[in-house]
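What follows is one structure encoded as structure tokens, with my remarks underneath.
In the UniProt record's numbering, the protein residues as written are 1 to 547.
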């Protein structure tokens with residue numbers, strides 16, 4: 001995920017629901033449950049769809065919509081594991097470098113065309129073509145020649161993917177990746193109908209009428225800027241018999257109080273709550289704590305002499321009472337961070353322990369103000385200063401400013417340092433951080449699929465998203481082994497990732513603060529939705545309304 005994808009943090013998808021630590025609702029139909037006569041849902045989003053063009057999508061709302069009206073090779077189940085969608089058989093050979101994927105023969109586009117292997121080849125080559133200006137070309141990095149194509153050094157036709165006949169794909173990787181099937185479930189890897197793209201040109205995906213669909217639903221009433229739209233059951237979908245919902249109406253609601261009131265009056269079937277609303281509903285049986293697959297943290301500009309001091313960074317980490325931050329400030333089910341990652345990314349192949357537990361390193365993310373004070377005095381001595389003034393750059397949304405002020409208070413009260421909060425609109429914050437115009441930056445990182453590499457990779461010295469310029473040979477070496485020699489050895493790779501995470505904690509490369517979650521009220525009559533417990537994605541393909 002590129003830093004530009006932090007747009008997702010500002011576009012909270014109210015239609016996405018995932019249980020923290022478990023699965024909400026029924027993921028299979030019960031024979032004893034009768035479906036209601038009206039198979040219809042009323043949901044909302046906080047912003048409109050920006051695009052349905054695979055190559056142009058940059059936000060969560062658009063991606064979530066495409067996941068309902070489109071379909072790829074695989075879909076992720078509730079446990080974030082890839083299962084067949086259009087794929088029927090996958091053969092991995094050549095030590096993980098070659099994927100041969102057979103497609104089902106009954107996939108159809110809404111214009112009547114069959115979904116073929118060539119649709120995938122066309123889509124991926126188009127996204128990687130520099131002319132598309134896609135922000136998500138990095139997702140293809142494992143495929144042969146993808147990076148060179150995105151850089152304009154090779155032709156898109158050299159990409160390591162070929163259509164072998166009408167319904168078979170062959171993919172050649174430049175390096176093996178145990179999580180590759182999970183990546184292929186992303187909407188970035190969805191197919192495109194070349195005939196439709198040629199027909200609509202630059203307007204493809206800009207409205208309901210200039211888009212074709214191959215998923216459980218089709219889209220209606222979206223003009224490109226509409227604040228209302230409708231998903232309708234796709235009669236030509238290969239598994240149409242499993243789709244019970246006839247329609248889902250969406251409307252854009254930016255104000256949480258308005259959405260809450262509409263839910264209370266039964267005009268919405270689901271609402272994402274603010275911290276105060278969560279507190280008010282703490283005893284409500286329909287309140288669910290939902291995971292977001294996002295880690296909140298402080299990153300440091302190591303080109304700044306003060307921020308580069310490791311004792312200072314550790315001192316800052318030990319002043320933060322993360323439990324108070326979660327329960328008193330966020331108040332939405334978010335939990336204290338134990339490492340630079342979130343729960344349910346990966347389990348220990350031998351013990352079954354969660355990665356966050358194994359990667360946790362005592363004395364790095366704990367609340368220990370006395371030790372923090374000692375480290376701060378050590379930092380001042382190293383810097384030759386009697387005191388320092390720190391500046392925290394953050395977004396100007398309420399949540400970011402509240403977190404920044406909490407950290408500000410912790411540092412000033414426990415260390416005695418002066419701290420200024422510099423809040424600005426997100427695009428301005430991103431621009432300043434990318435140019436190195438910051439000292440401390442309060443931000444977050446959302447993960448596309450469940451694997452620790454999704455967060456850990458941004459701290460590699462050569463990664464474009466390493467805005468703090470953290471540079472560690474031990475860290476880089478651990479990740480190189482995880483993605484290279486140990487890529488297909490589950491136990492060895494796991495230990496590599498744990499070693500990298502622990503190195504980052506000991507160095508305080510970044511200061512992890514919280515694992516982001518949300519709280520939601522959901523109509524208890526909604527059944528059969530499959531919720532990904534890692535990152536919040538909701539699959540309405542098998543959803544229905546019970547009596």
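Just so it is clear, CB atoms sit at the ideal spot from N, CA and C, and this is done for glycine as well.
Collapsed DSSP secondary structure at residue i in the structure displayed
i: residue 314; result: helix
i: residue 366; result: coil
i: residue 253; result: coil
i: residue 26; result: Here the model assigns residue 26 a pLDDT of 32, short of 50, so the residue's position is not dependable and the matter cannot be decided.
i: residue 109; result: coil
i: residue 21; result: Legend: pLDDT at residue 21 = 28, less than 50; position of this residue unreliable, value from coordinates given subsequently. Coil.
i: residue 496; result: helix
i: residue 537; result: coil
i: residue 164; result: coil
i: residue 190; result: coil
i: residue 32; result: Reliability fails at residue 32, whose pLDDT of 45 lies under 50, so the model's placement of it is uncertain and the value that follows must be treated cautiously. DSSP places residue 32 in coil when its eight states are reduced to three.
i: residue 125; result: helix
i: residue 8; result: Residue confidence is low: residue 8 scores 39 on pLDDT, short of 50, so the model does not pin down where it sits. No coordinate-derived value is stated.
i: residue 184; result: helix
i: residue 54; result: coil
i: residue 153; result: coil
i: residue 299; result: strand
i: residue 114; result: strand
i: residue 201; result: helix
i: residue 136; result: coil
i: residue 507; result: helix
i: residue 309; result: coil
i: residue 48; result: coil
i: residue 304; result: coil
Spatially closest choice to residue i from the options, by CA coordinates
i: residue 120; options: 218, 191 and 393; result: 191
i: residue 321; options: 393, 243 and 365; result: 365
i: residue 195; options: 265, 118 and 224; result: 118
i: residue 235; options: 173, 132, 106 and 177; result: 106
i: residue 88; options: 72, 67 and 202; result: 72
i: residue 256; options: 410, 276 and 530; result: 276
i: residue 273; options: 193, 264, 260 and 404; result: 260
i: residue 178; options: 222, 209, 520 and 489; result: 489
i: residue 168; options: 243, 99 and 543; result: 99
i: residue 530; options: 57, 75, 44 and 51; result: 75
i: residue 351; options: 475, 491 and 390; result: 491
i: residue 537; options: 79, 41 and 42; result: 79
i: residue 338; options: 358, 325 and 329; result: 358
i: residue 314; options: 522, 512, 39 and 108; result: 512
i: residue 514; options: 292, 110 and 385; result: 292
i: residue 324; options: 289, 251 and 407; result: 407
i: residue 83; options: 101, 250, 155 and 66; result: 101
i: residue 58; options: 42, 44, 517 and 133; result: 133
i: residue 399; options: 443, 148, 384 and 217; result: 443
i: residue 501; options: 451, 523, 281 and 535; result: 451
i: residue 266; options: 43, 232 and 204; result: 43
i: residue 392; options: 69, 300 and 282; result: 300
Paired residues, beta bridge with residue i - DSSP
i: residue 83; result: 75
i: residue 92; result: 99
i: residue 545; result: 526
i: residue 395; result: 424
i: residue 579; result: Residue 579 is absent from the model: the chain starts at 1 and stops at 547.
i: residue 531; result: 538
i: residue 143; result: 173
Extent of the continuous alpha helix (DSSP H) to which residue i belongs
i: residue 405; result: 398 to 415
i: residue 458; result: Unbroken run through residue 458: none, as it is neither H nor E.
i: residue 65; result: 60 to 69
i: residue 147; result: 146 to 150
Range of the contiguous beta strand (DSSP E) that encloses residue i
i: residue 170; result: 168 to 172
i: residue 45; result: 40 to 45
i: residue 513; result: 510 to 522
Closer than 8 Å to chain B by CB, residue i
i: residue 333; result: In the displayed structure, chain B is absent; only one protein chain is listed.
(message) Quick check for students: name the residue ranges of the alpha helix (DSSP H) that lie wholly in the stretch 420 to 494, counting only runs of 4 or more.
(response) 426 to 434, 453 to 456 and 473 to 483
*Write down every uninterrupted run of the alpha helix (DSSP H) in the stretch 317 to 393 whose length is 4 residues or greater and which is fully enclosed by it, in chain order.*
Here the runs fully enclosed are 355 to 359 and 369 to 383.
Continuous alpha helix (DSSP H) assignments of at least 4 residues falling wholly in the stretch 209 to 297:
List check, alpha helix (DSSP H) in window: 256 to 264 and 275 to 280.
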